[in-house]
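Quick note, the sequences are listed as chains S and A, same order.
Per the numbering used here, residue 21 is the first one in the first sequence, and the count goes up by one each step.
Per the numbering used here, residue 4 is the first one in the second sequence, and the count goes up by one each step.
Ideal Cβ positions, reconstructed from N, Cα and C, are used throughout, including at glycine.
Following: one structure in structure tokens, then a few remarks.
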Amino acid sequence: MFHVPCLVFILLLIIFLIFLGTFGFLAWACIYHLRQYAPNGLSAPNVVTAVFILITAALLMFAVYFFLQIPR
Amino acid sequence: MIKLEPNEKQILMVRRHWFVFAKPLVFFCVALVLPTIVLSAAPSLFPAPSTAAYDPVLNFLLTLYFMGLFLFLFIFWVNYYLDVWIVTTQRLIDIEQKSLFSREIAEMRLSRIENVSVDVHGFIQTMLGFGDVKVETAGISKFIIKDAPRYYEIKNALLRHQQYDNRARQEQQNGAPAASEHKTP
């Protein structure tokens, strides 16, 4: 039988996977829209996209680190 | 992006005033500090034996929360940035990014413009200098450039180029060579 920490881990794994799927899709959609429709020659979309990717990557690393700390 | 016709030049590109972005930014900042306040107040509100084993769970959920917040801000910025009005020498193009998956593009020939009015209401709009520019045509259609900064410049540009466009069309109809290239001040 599963014990409580294991159940919590599985539940959080499911939440994490669903979150990552949704997050990735929406972030990709934003970047796609900016690349497709933003006026040419302006640097703002590139700068904002780069900042967003950097912050997201840092937070994602933290998320994975904390996730691996969860008792199984 | 929009393809311009030959002999057509872009005069202005207008986005909403930055103040429109202030509301979600305030919400973002409040949401950013909210967990700190809640977590510092929680032990006194709900005195329970703390289990250090579940600290990583809390940290993990907090990280997801912050990721969600940044995504929310990014989505709002994309919607704000892609919501533009373009004034060319011949047309007024309204590109409305309603949401991430809802985009509407409408255009109006400057020669059809009947009336352009500016609507500035409220303390903030007056002090920060932005307002709605309403463009009416001979038909029923009406364009509203919402929360536009530099509204007088937009209004003047529309009216000035409407006259140029009208004159060029009349010359074309009369068989005279079209005044295709008019100088943009």
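- For leucine 95(A), no alpha helix (DSSP H) encloses it; the enclosing beta strand (DSSP E) starts and ends at 94 to 102.
- Taking a 10 Å sphere around the C-beta of isoleucine 148(A), we find 16 or more other C-beta atoms and assign the residue as buried.
- Going by C-alpha positions, leucine 15(A) is about 7 Å away from threonine 91(A).
- Nearest CB-CB separation between cysteine 50(S) and chain A: below the 7 Å threshold.
- Within chain S, the residues whose beta carbon sits less than 7 Å from that of isoleucine 78(A) are Leu46 and Cys50, listed in sequence order.
- At a Cβ-Cβ threshold of 7 Å, phenylalanine 63(A) and phenylalanine 29(S) do not count as neighbours.
- Non-local beta-carbon contacts of valine 87(A) in its own chain, meaning distances under 7 Å to residues more than five positions away in sequence, involve Met16, Val17, Arg18 and Ile98 in chain order.
- Distance between cysteine 32(A) and phenylalanine 69(A), taken at the CA atoms: about 11 Å.
- Here the region 93 to 108 of chain A makes no contact with the region 122 to 129 of chain A; the two share fewer than three CB pairs at distances below 8 Å.
- Of the candidates Arg55(S), Phe36(S), Leu88(S) and Thr42(S), Arg55(S) places its Cα closest to the Cα of alanine 70(S).
- The Cβ of proline 27(A) sits no closer than 7 Å to any Cβ of chain S.
- Bridge pairing for isoleucine 89(A): Met16(A) and Ile96(A) [DSSP].
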